[in-house]
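Participant: Numbering (the numbering used here), first residue to last: 33 to 177. Just so it is clear, CB atoms sit at the ideal spot from N, CA and C, and this is done for glycine as well. Got a structure for you, written out below as structure tokens; questions coming shortly.
Structure (structure tokens):
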């Protein structure tokens with residue numbers, strides 16, 4: 033994705049969320065709620081592949097939740113998600129349905145719903161409608177609770 037389109041999407045999201053130039057969210061609550069999951073996820077390394085992937089999903093969800101409200105450069109968010117995936121042995125997070133759903137759950141935890149989640153989700157995944165659908169499906173699972 034080009035930097036210009038990322039900036040345009042970030043500006044659109046800022047306008048949707050109040051036009052303050054930064055994104056508003058309840059990240060402190062989302063961060064604190066996820067902190068126990070994150071600390072326990074690092075101890076799951078002795079489990080099977082499913083446990084490792086679940087730990088990665090929690091890490092991606094929690095990272096997204098804690099940074100979605102303050103992201104100014106989506107490329108940084110993308111790189112960090114890629115780094116988290118790499119730490120858990122996943123080399124192609126862009127094709128992982130569960131990780132996209134985790135991004136969506138993180139957006140929902142950060143208080144982003146509807147158009148705001150769609151705009152930031154699009155900024156993260158680009159113009160790939162299928163990947164955006166995965167993100168929004170994850171966001172909707174939290175919104176439905």
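Could you say which of 152, 132, 88 and 81 lies nearest to residue 24 if we only look at CA atoms?
Facilitator: With the chain covering only 33 through 177, there is no way to say anything about residue 24.
Participant: Report the residue from 84, 87, 98 and 83 whose alpha carbon sits nearest the alpha carbon of residue 141.
Facilitator: Your numbering for residue 141 matches position 109 in the chain shown. Ranking the options by Cα distance to residue 141, first place goes to 98.
Participant: Provide the residue span of the alpha helix (DSSP H) that contains residue 89, from first to last.
Facilitator: Here residue 89 refers to the residue found at position 57 of the chain shown. 81-99 is the extent of the alpha helix (DSSP H) around residue 89.
Participant: Would the stretch 166-177 count as touching the stretch 131-141 if we require 3 or more Cβ pairs under 8 Å?
Facilitator: Output reads yes: the stretch 131-141 touches the stretch 166-177.
Participant: Using the Cβ count rule (16 or more neighbours within 10 Å means buried), how would you classify residue 89?
Facilitator: Position 57 of the chain shown, counting from 1, holds the residue named residue 89. Result: buried.
Participant: When you compare each of 165, 86 and 96 to residue 112 by their alpha carbons, which one comes out closest?
Facilitator: Here residue 112 corresponds to residue number 80 of the chain shown, with the count starting at 1. Ranking 165, 86 and 96 by Cα distance to residue 112 puts 96 first.
Participant: If I measure Cβ to Cβ from residue 76 and keep anything under 8 Å in the same chain, skipping five residues before and after, which residues do I get?
Facilitator: As a working mapping, residue 76 is identified with position 44 in the chain shown. Model confidence at residue 76 stands at a pLDDT of 42, short of 50, so the residue's coordinates are unreliable; what they give is reported in the following sentence. For residue 76, where only same-chain residues beyond five positions count, the Cβ hits under 8 Å are 83, 84, 86 and 87.
Participant: Tell me whether the stretch 125-133 and the stretch 159-168 touch, counting them as touching only if at least three CB pairs, one residue from each stretch, are closer than 8 Å.
Facilitator: Segments in contact, yes.
Participant: From the DSSP output, in three-state form, read off residue 137 for me.
Facilitator: In the chain shown, counting from the first residue as 1, residue 137 sits at position 105. It is helical.
Participant: I'd like to check one pair, residue 80 with residue 132: are the Cβ atoms closer than 8 Å?
Facilitator: For the purposes of this step, residue 132 is identified with residue 100 of the chain shown, where counting begins at 1. For the purposes of this step, residue 80 is identified with residue 48 of the chain shown, where counting begins at 1. Contact: no.
Participant: Under a three-way DSSP split, which group does residue 19 fall into?
Facilitator: There is no way to answer for residue 19, as the model of the chain reaches only from 33 to 177.
Participant: What's the gap between the Cα of residue 144 and the Cα of residue 150?
Facilitator: The residue labelled residue 144 in the question sits at position 112 within the chain shown. The residue labelled residue 150 in the question sits at position 118 within the chain shown. Approximately 9 Å between the Cα atoms of the pair.
Participant: From the DSSP output, in three-state form, read off residue 71 for me.
Facilitator: As a first step, residue 71 must be located in the chain shown, where it is residue number 39. In this predicted model, residue 71 has a pLDDT of only 39, less than 50, meaning its place in the structure is not dependable; the value taken from the coordinates is given anyway. Of the three classes helix, strand and coil, the one that applies to residue 71 here is helix, per DSSP.
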